[in-house]
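Here the structure comes first, spelled out in structure tokens, and everything after it is commentary.
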Amino acid sequence: MSTRKAAVPTPVAQYRYSVQWSPEDQEFAATVLEFPSLSWLDEDQFEALRGVERLVADVIDELTQSGEPVPQPISTQTFSGRLNLRVPPELHRKLAIEAANHGVPLNKYATELLTASGSSPVTQEAWLDHRKNR
Numbered sequence: 033m034s035t036r037k038a039a040v041p042t043p044v045a046q047y048r049y050s051v052q053w054s055p056e057d058q059e060f061a062a063t064v065l066e067f068p069s070l071s072w073l074d075e076d077q078f079e080a081l082r083g084v085e086r087l088v089a090d091v092i093d094e095l096t097q098s099g100e101p102v103p104q105p106i107s108t109q110t111f112s113g114r115l116n117l118r119v120p121p122e123l124h125r126k127l128a129i130e131a132a133n134h135g136v137p138l139n140k141y142a143t144e145l146l147t148a149s150g151s152s153p154v155t156q157e158a159w160l161d162h163r164k165n166r
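Going by my numbering, 130 is the number at position 98 of the sequence shown; the sequence numbering is gapless.
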């Protein structure tokens, strides 16, 4: 068994990056969630990522030197587990009815719907599949 500790990523590496092909630019566009105004274009997807990482490092240095707050990486933020949603009354009613039909509290039903959906559209079938596979 190894006693070696996992390396802590650099602050720049802790941000949430995305690299996608941009048909409009005919290049890869790299973005960072915590700095929505920053992006980097490159013909190579890895170079696009490296470019936006260097840009983030430069911006962090500038913010630090000027005494401005540096956005906290979402990966290091603490979440309470509480999420208050405002939904239309008809959707609230529909969810309450569906939860009652399945014999579960509304909060549990909504949580399981969100869990089952991941990043795909929420459907009752997805929720039922999620319940069966637990």
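By construction, the Cβ of each residue, glycine as well, lies at the ideal position given by its N, Cα and C atoms.
Looking at the DSSP output, Q52 shares a beta bridge with A61.
Per the C-alpha coordinates, the member of L65, S54, H134, I92 positioned closest to D74 is S54.
In the assembly as shown, V40 is an exposed residue. Its beta-carbon has fewer than 16 other beta-carbons within 10 Å. Remark: fewer than three beta-carbon pairs, one from each stretch, lie closer than 8 Å, so the segment 103 to 112 and the segment 82 to 89 are not flagged as touching. Excluding residues up to 5 positions away in sequence, E85 lie with their Cβ nearer than 8 Å to the Cβ of A45 in the same chain.
In this chain, the beta strand (DSSP E) harbouring S71 covers 71 to 74. The alpha-carbon of E56 is positioned some 20 Å away from that of Y49.
Cβ contact annotation for L81 (same chain, cutoff 7 Å, sequence separation greater than five): Y49, V51, A62, in chain order. Contact between L138 and A128 holds: CB atoms are separated by about 5 Å, below the 8 Å threshold.
Boundaries of the alpha helix (DSSP H) around R86: 77 to 97. T143 and G135 have their C-alpha atoms roughly 14 Å apart.
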